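Working notes for the structure below.
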């Protein structure tokens, strides 16, 4: 849509808003909707929206309505657990809030005294009992992790397994020590004799019985060949009577159980002959072939063994092996031998259990020695834990700890004193649950304050409230719907007239324009984005005055309601990505901005424009990424990037928020703006104008100090809307009391504030040919030829001085001028007091970089009093300032 049409539409809307409506006309001709609120959290509103749509069939959507804070209140310390529990119970009863008490401070650690390592449980038990008897302190003994290799007795080698087994039995009877056999030396591999195949299980069973009777050798059999089972299915036969005759014929002649089945063709049947194997299958196939009947075979998946082989048990004796082979050879049957995995040893060692008990080892050695058998003790890889520590109960009393330490010290035993990780606390504090909103926070704080107890609150999280908007309906239907919603769901709702496609609302500010201008001027708004120069009152007035920005201009977008929803398709996202090309890390992020806008209920075009401005089209260091503690972080919205040191403060904030990717910085920045500005619980700032000037609470909670911060963004908003086309937007324009009409924008020196100085202030140039300019960084209007030339300093701004040099009035760079008896203010705001104490009355407040003249005594020294300096103000008054916030110039 062309701009001309938009202007005409907005003008038409404005005409309608200027005249009162006839209520009955509105009811019969206007469309309305229901706004249903409030729902806390996305899950709650999604459930409510689904329920409403299921029950009514209405079209409806959710929309973020406001963002509040959760607060957590915590108290100061209470001495003793009994005291804090008493106050906690009172708090719960009085407020109904959940809270808990927690230790405060480091606490006194519980300690144990540990001594070790004692060899053997008996020794440890004896020392522990002696310790308790001497000190009166309870202690236990505990096995520690100091390991020692176990030993075992090895004896051998013994010929024959039976002999070795009998010796083990004797050893266990005589000493109580368990032992086992371990084969040693050469071994004999097991052989078995295997036959060829025999047909049929009955045949192989008969051969097996005969083999075992004649040889006395154990044997078994297993299948080696299988026959697969099939079903035979014939082709089609015509007529049921005919197929019955054929089935009877097949069953009589072949001895099978054939049956017929109908096909999907009328009077056509097939015959199935099931479960055929071997000769029966061959017989059926030959029969069908002889009759020239077509057939097919289908495997049933069942297999039957047909051939078996016989194999002997493991054989070690060659005579037995030959005997088995001879049986098969005598019957003219094939047979062979095969090795198995089994082995047979003839020599064995006896090894005892592994142990750390030397008495057991010596008993075993003596057993074998008496029998004149060789035996030895060998170390194993088994680890035993024979060492024990003695550990006291947890101790808190230093005297008890010293007493325990003295016991071991006097006996020369090793010991150590260790913290248990548990603490005894004397101070506790109360911490509440998360409390929603200021009202609950203040109620909790009041409980403690009313009782003279210190408490504080911190923000612990976000609380997002949503509303449901229905589609358009008549006034009567909306009223009925409101009643139904109240009766059925007990939800609060309002009947609202549907907004026109684009609308302008004029909000009355019940304060004079000049009074608010004075408040804004006192905050020293900046002329430039870098924050160096303070803007003049005339320039502040220009940017603050809504009359200067006409409907239809790019600057008018500063009044756009940033919660106005817009939907973008993939083509429009692509257009925005093209617009962002060449803008550093912003490039390709249109979808991220769009999703962030959807998530937090904000216009994505504004979000993109804000990021473009704050990053200088993606060229700022914060947008390129700054390393903090080894991580690269990003900040696209200038959040916490304060004028004094924007990169440091902005990157530190980004690190704290976890903005380690461009996407995280976009989404996280949007979330902060939504919570702290657009949906601020204490007063939404839902237009760029409100974010900058906050007309309902001027001078408070303003996003930026730059006077042109708003219009620096609206030009990007305008460019993007020109590319995307028209959207239905809402505008909110403030109207002040006694608001002036349109004025021209100041130019040149008129843009710069002149921070006044005392008329007596004199400076001396420090260089030759110092250029005098019409305004800071402006065109030259002359030079001061010689260094050490005295000039009258008329004012200052951003490190530049306005001077009178022999009748030429202009601006010079302050770095080339030394001021006489002067100080520069280093604090953001410095109070001038009537006396040299913190309790003296405040008579004036100076901004950062203001110049003040110091009062000197007859000797030319500054007049001071305990770190305070006496100064001259520009209006001739004298006062005192703290020396901590000024610097000699």
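In our numbering, the protein residues as written are 1207 to 2095.
Ideal Cβ placement from N, Cα and C applies to all residues, glycine included.
Bear in mind the structure is a predicted one, so any value in this text is a computation, not a measurement.
- Distance from the CA atom of residue 1987 to the CA atom of residue 2002, rounded to whole angstroms, is 18 Å.
- With respect to the C-alpha of residue 1953, the residue from 1502, 1748 and 1720 having the closest C-alpha is 1748.
- If only complete runs of 4 or more residues are kept, the region 1715-1760 shows the alpha helix (DSSP H) at 1719-1728 and 1743-1750, in order along the chain.
- Taken atom to atom, the span from the alpha-carbon of residue 1893 to that of residue 1766 is near 6 Å.
- The straight-line gap separating the alpha-carbon atoms of residue 2059 and residue 2092 is approximately 11 Å.
- Listed in chain order, the non-local C-beta contacts of residue 2010 below 7 Å within the same chain comprise 1997, 1998 and 2000, local neighbours out to five positions each way being set aside.
- For residue 1557, there is no enclosing alpha helix (DSSP H); the enclosing beta strand (DSSP E) has its first and last residue at 1541-1558.
- Using a Cβ distance threshold of 8 Å, residue 1791 and residue 1824 count as a contacting pair.
- Within the same chain, Cβ atoms closer than 7 Å to the Cβ of residue 1333 are found at 1324 and 1596, the five residues on either side in sequence being excluded.
- A distance below 8 Å between beta-carbons, with the five flanking residues on each side excluded, links residue 1390 to the following residues of its chain, in chain order: 1362, 1363, 1551, 1553, 1554 and 1555.
- Around the beta carbon of residue 1304, a 10 Å sphere encloses fewer than 16 other beta carbons of the protein chains shown; the residue is thus reported as exposed.
- In this structure, 1903 is the residue among 1960, 1903, 1563 and 2061 with its C-alpha nearest to the C-alpha of residue 1717.
- Here residue 1462 has 1479 as same chain residues with Cβ atoms under 6 Å from its own Cβ, once five neighbours each way along the sequence are excluded.
- Annotation: the continuous alpha helix (DSSP H) that includes residue 1656 extends over 1643-1656.
- Taking a contact as a CB-CB distance under 8 Å, the pair residue 1814 and residue 1782 counts as one, their CB atoms being some 7 Å apart.
- Runs of the beta strand (DSSP E) lying entirely within the region 1306-1385, each at least 3 residues long, are 1314-1325, 1345-1349 and 1354-1365 in chain order.
- Below 8 Å, too few C-beta pairs join the region 1931-1940 and the region 2042-2049 to call them touching: fewer than three.
- Collapsing the DSSP output to three states places residue 1412 in a helix.
- Proximity of the region 1360-1380 to the region 1338-1346 falls short of the contact definition, fewer than three beta-carbon pairs being nearer than 8 Å.
- Ranked by how close their Cα comes to the Cα of residue 2021, the residues 1993, 1795 and 2036 have 1993 in first place.
- For residue 1588, the enclosing beta strand (DSSP E) starts and ends at 1581-1590.
- Per DSSP, the continuous beta strand (DSSP E) segment holding residue 1699 begins and ends at 1698-1703.
- Each residue's CA atom was taken as its position, placing residue 1665 and residue 1274 some 10 Å apart.
- Of all C-beta pairs linking the region 1772-1781 to the region 1944-1963, fewer than three are shorter than 8 Å, placing the two stretches out of contact.
- Under the three-pair Cβ rule at 8 Å, the region 1554-1574 does not count as touching the region 1279-1298.
- Taking C-beta atoms as the reference points, residue 1853 and residue 1872 fail to come closer than 8 Å.
- Counting along the chain, residue 2054 sits inside no alpha helix (DSSP H), nor does DSSP assign it H or E at all.
- For the pair of segments examined, the region 1388-1403 was found to touch the region 1507-1521: the number of CB pairs separated by less than 8 Å reaches three.
- Rounded to whole angstroms, residue 1439 and residue 1476 show a C-alpha spacing of 7 Å.
- The continuous alpha helix (DSSP H) containing residue 1616 extends over residues 1604-1617.
- Within the region 1894-1952, the complete beta strand (DSSP E) runs of at least 3 residues fall at 1936-1943.
- The Cβ atoms of residue 1600 and residue 1623 do not sit closer than 8 Å to each other.
- Under the three-state reduction of DSSP, residue 1303 is assigned to coil, being neither helix nor strand.
- Across the set 2089, 1651 and 1276, the C-alpha of 2089 shows the shortest separation from the C-alpha of residue 2037.
- DSSP places residue 1623 within a strand segment (E or B) once states are collapsed to three.
- Taking the Cα positions, residue 1545 is about 15 Å away from residue 1531.
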